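Residue numbers (full-length UniProt numbering): 1 to 563.
Glycine included, each C-beta is placed from N, C-alpha and C at the ideal position.
No experiment lies behind these values; they were computed from the predicted model shown.
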């Protein structure tokens with residue numbers, strides 16, 4: 001070793017050795033920042049490029065083409081989240097409140113278990129260093145006796161979180177479907193309004209992800225905040241208030257910095273869910289229209305449509321992965337590793353200060369025990385600070401899900417109130433004297449034994465006028481045959497009569513909805529048995545309430561003419 005030391009050059013000064021280390025430490029952060037900026041720029045460029053309607057085949061509504069998707073953590077997000085929480089937890093005495101309290105209590109218990117394990121682990125290691133078998137066995141047996149209780153707390157926490165996610169999903173799904181299946185809202189959303197393209201995506205996947213994200217955020221914020229409060233109290237008595245105050249100041253600084261960096265995550269999450277919905281739409285569209293596609297021999301064209309949609313999704317997800325890769329590196333450096341550095345600086349301060357009264361007469365064993373216990377607590381506190389900072393990333397994702405669910409609720413409420421938003425076509429003949437088309441401007445009168453159209457226009461939901469003013473009267477018992485070429489308005493007449501389409505003007509007199517029976521052009525088979533097909537839309541309980549027996553149904557089927 002002596003010969004080697006003579007052969008090797010003299011070691012450089014300390015500041016020269018620190019320069020390459022500093023440069024190497026800064027390289028990952030710089031690379032991550034460059035990747036994040038590039039991913040954000042690519043996402044912005046792709047968003048501008050996709051602003052042109054390149055794929056009308058996706059069923060994308062034109063009304064929302066120019067609308068900028070906004071999903072960031074701001075005051076609007078917290079207002080929307082508060083509204084959603086009122087749906088998820090409608091009252092204090094509810095099942096959801098019980099699980100929230102269960103999770104909170106288990107989190108408190110788990111925090112105290114962590115503190116006890118730190119103290120007990122310190123005593124075990126102190127007994128090992130002090131070669132005391134009596135103390136070693138004592139604290140080891142304490143740990144063995146506490147294992148079932150600690151394991152029970154951990155399992156109870158997982159159980160509470162899983163049940164809370166399920167309860168939230170049940171509550172939100174029931175609320176949305178109550179609005180979605182109220183009246184003809186499900187029909188109006190797809191045919192009269194252009195704001196929601198894929199309600200099935202929102203009602204299934206987005207609802208599940210939103211509920212999971214809310215519960216995960218509740219756990220990932222409440223537990224670290226509880227840890228921080230407890231460890232601040234413990235550390236203040238051990239190393240003074242300056243150390244925890246420094247850590248909290250670093251939490252505030254890093255939180256503001258990373259929140260600014262993560263702003264695009266909410267918008268990119270929202271765009272990802274929209275593209276996932278488009279991809280599901282083209283696949284379900286092919287399944288629904290498989291016979292027509294087969295007759296037209298359009299498999300190659302449909303394959304192109306699906307591949308184009310999937311390629312747009314893959315491009316966005318790839319850009320999102322790159323962005324999360326860059327922000328993940330910066331998150332780890334700022335929220336984890338640099339927080340640990342700050343923790344070491346804070347915990348070492350009272351031990352490095354030789355004039356501290358607390359350690360003037362302490363032995364090496366006492367210093368080691370005190371440092372180990374304080375260091376463990378400060379390490380846990382820094383980890384809790386890091387989890388709070390990283391929870392901002394989950395909050396940004398939650399902003400995307402919240403924006404989509406909130407938009408769905410607003411559209412459902414508008415449709416329930418008779419308000420539609422759809423791109424209307426202009427009058428191609430340039431008739432400036434024609435009155436403007438306002439959905440719902442007409443009047444519906446309920447009367448028995450008569451159907452009367454009085455100056456009612458047959459107008460499609462997007463503004464195409466098929467018949468400017470239609471006036472006729474049909475009394476009960478009269479047979480009427482409606483005939484004409486394709487596109488003249490035969491089906492549109494019955495859509496207006498059935499109140500599927502809005503009345504733009506005029507007066508419509510008709511019996512109440514339960515006294516008219518419509519046979520749609522396309523046959524529909526509900527899920528269930530032959531009885532379910534015959535009694536639809538009633539169920540078996542409603543059949544018995546109406547005193548209709550199976551013999552009556554069988555007689556009806558036997559007397560039904562088959563041609």
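Taking the straight line between their C-alpha atoms, what separation do you get for residue i and residue j?
| i | j | result |
| --- | --- | --- |
| residue 145 | residue 227 | 24 Å |
| residue 527 | residue 540 | 13 Å |
| residue 280 | residue 270 | 16 Å |
| residue 201 | residue 305 | 19 Å |
| residue 154 | residue 385 | 21 Å |
| residue 486 | residue 454 | 24 Å |
| residue 142 | residue 343 | 30 Å |
| residue 325 | residue 259 | 16 Å |
| residue 525 | residue 549 | 22 Å |
| residue 235 | residue 75 | 34 Å |
| residue 413 | residue 252 | 39 Å |
| residue 215 | residue 204 | 17 Å |
| residue 553 | residue 530 | 10 Å |
| residue 537 | residue 515 | 14 Å |
| residue 133 | residue 122 | 15 Å |
| residue 458 | residue 194 | 20 Å |
| residue 420 | residue 209 | 28 Å |
| residue 308 | residue 315 | 11 Å |
| residue 338 | residue 265 | 23 Å |
| residue 545 | residue 551 | 15 Å |
| residue 499 | residue 467 | 17 Å |
| residue 242 | residue 349 | 10 Å |
| residue 566 | residue 113 | Within the shown structure, residues of the chain are numbered from 1 to 563, placing residue 566 beyond reach of any answer. |
| residue 488 | residue 284 | 30 Å |
| residue 392 | residue 127 | 42 Å |
| residue 491 | residue 463 | 16 Å |
| residue 199 | residue 231 | 46 Å |
| residue 390 | residue 329 | 12 Å |
| residue 494 | residue 278 | 31 Å |
| residue 222 | residue 104 | 8 Å |
| residue 543 | residue 298 | 44 Å |
| residue 335 | residue 533 | 60 Å |
Does the beta-carbon of residue i have 16 or more other beta-carbons within 10 angstroms, so that it is buried, or is it exposed?
| i | result |
| --- | --- |
| residue 52 | Bear in mind that a pLDDT of 38 at residue 52, under 50, signals an unreliable position, so the number given afterwards is only what the model happens to contain. Per the 10 Å Cβ criterion, exposed. |
| residue 180 | buried |
| residue 521 | exposed |
| residue 446 | exposed |
| residue 407 | buried |
| residue 346 | buried |
| residue 167 | buried |
| residue 441 | exposed |
| residue 478 | exposed |
| residue 473 | exposed |
| residue 501 | buried |
| residue 178 | exposed |
| residue 607 | In the structure displayed, the chain extends from 1 to 563; residue 607 sits before or after that span and is not available. |
| residue 321 | exposed |
| residue 296 | exposed |
| residue 118 | buried |
| residue 303 | exposed |
| residue 555 | exposed |
| residue 90 | exposed |
| residue 547 | exposed |
| residue 471 | exposed |
Mind checking who residue i pairs with in its DSSP beta bridge?
| i | result |
| --- | --- |
| residue 446 | 510 |
| residue 453 | 472 and 508 |
| residue 458 | 467 |
Relative to the alpha-carbon of residue i, which residue among the options has its alpha-carbon at the smallest distance?
| i | options | result |
| --- | --- | --- |
| residue 311 | 323, 371 and 275 | 275 |
| residue 87 | 121, 131, 174 and 518 | 174 |
| residue 233 | 381, 506 and 519 | 381 |
| residue 184 | 106, 255 and 417 | 417 |
| residue 192 | 460, 489, 482 and 507 | 460 |
| residue 254 | 189, 332 and 490 | 332 |
| residue 162 | 99, 340, 137 and 124 | 99 |
| residue 318 | 287, 268, 300 and 293 | 268 |
| residue 149 | 532, 335 and 116 | 116 |
| residue 557 | 535, 543, 542 and 547 | 535 |
| residue 129 | 374, 368 and 484 | 368 |
| residue 225 | 469, 352, 108 and 171 | 108 |
Can you find a heavy atom of the ligand HEM that lies under 7 Å from the Cβ of residue i?
| i | result |
| --- | --- |
| residue 224 | With respect to the ligand HEM, the structure shown offers nothing to examine, as it has no ligands at all. |
Runs of 3 residues minimum, wholly inside the segment 462-525: which ones carry the beta strand (DSSP E) assignment? When DSSP assignments are scanned along the segment 462-525, the uninterrupted stretches of beta strand (DSSP E) that are 3 or more residues long and fall wholly within it turn out to be 465-475 and 507-510.
Please give the ranges of any beta strand (DSSP E) in the segment 97-142, keeping only runs that are unbroken, at least 3 residues long and fully inside the region. none
Unbroken stretches of the alpha helix (DSSP H), 4 residues or longer, contained in the segment 382-419: none
Whole runs of the alpha helix (DSSP H) within the segment 165-242, excluding any shorter than 4 residues: 185-191 and 207-239
Could you tell me which whole alpha helix (DSSP H) segments of length 4 or greater appear in the segment 286-320? Within the segment 286-320, the complete alpha helix (DSSP H) runs of at least 4 residues are 290-296.
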